[in-house]
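What follows is a set of notes on a single structure, which appears directly below.
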């Protein structure tokens, strides 16, 4: 496999797998809105998306990851949030996620980031083991909270 950074030219290839990723987490598919979302992120350079492509077929997407930039006020440095990572069902157990995360880690180093952050479902043990095998450690210093913002 080879890892490449996504561009606008990859939207038609990326969108179907992005839709499957959203469905995996219980979201409705919304393929047109999903494509528009990805297009905005890429056009505005608001995220970095890496694609894992099959060596023998440039049109076969094995997986992707999407990272968003953030910053740490305490360290005065960049932080990257590994927000989305997904591997096609027929490409699982082929180290696709490992290769994507290693590429993300390399990019984080190249941009002088202080860390990569990732979250996953508390019951997703496969993802947890994969993250730990790459070197991620569970945060025991901070407890994370979310505040839902509704359209009331």
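Numbering (the working numbering), first residue to last: 91 to 242.
Idealized CB from N, CA, C, for every residue including glycine.
Item                                                                                              : Value
Limits of the unbroken beta strand (DSSP E) element including residue 181                         : Residue 181 -> no beta strand (DSSP E), and no H or E assigned at all.
Residue 162 burial status per 10 Å Cβ neighbour count (16 or more: buried)                        : exposed
Coarse secondary structure for residue 195, derived from DSSP in three states                     : helix
Own chain residues within Cβ distance below 6 Å of residue 134, not counting five before or after : none
Proximity below 7 Å, CB of residue 153 to CB of residue 190                                       : yes
Residue 187 (DSSP reduced to helix, strand or coil)                                               : helix
Residue 124 and residue 131 closer than 7 Å at C-beta                                             : no
Pair within 7 Å by beta-carbon distance, residue 140 and residue 95                               : yes
CB-CB length for residue 206 against residue 217, believed under 8 Å                              : Contact flag wrong, Cβ pair sits at about 14 Å.
Whether residue 204 touches residue 221 by CB criterion (7 Å)                                     : no
Rounded distance between the beta-carbons of residue 188 and residue 111, thought under 8 Å       : About 17 Å; that fails the 8 Å criterion.
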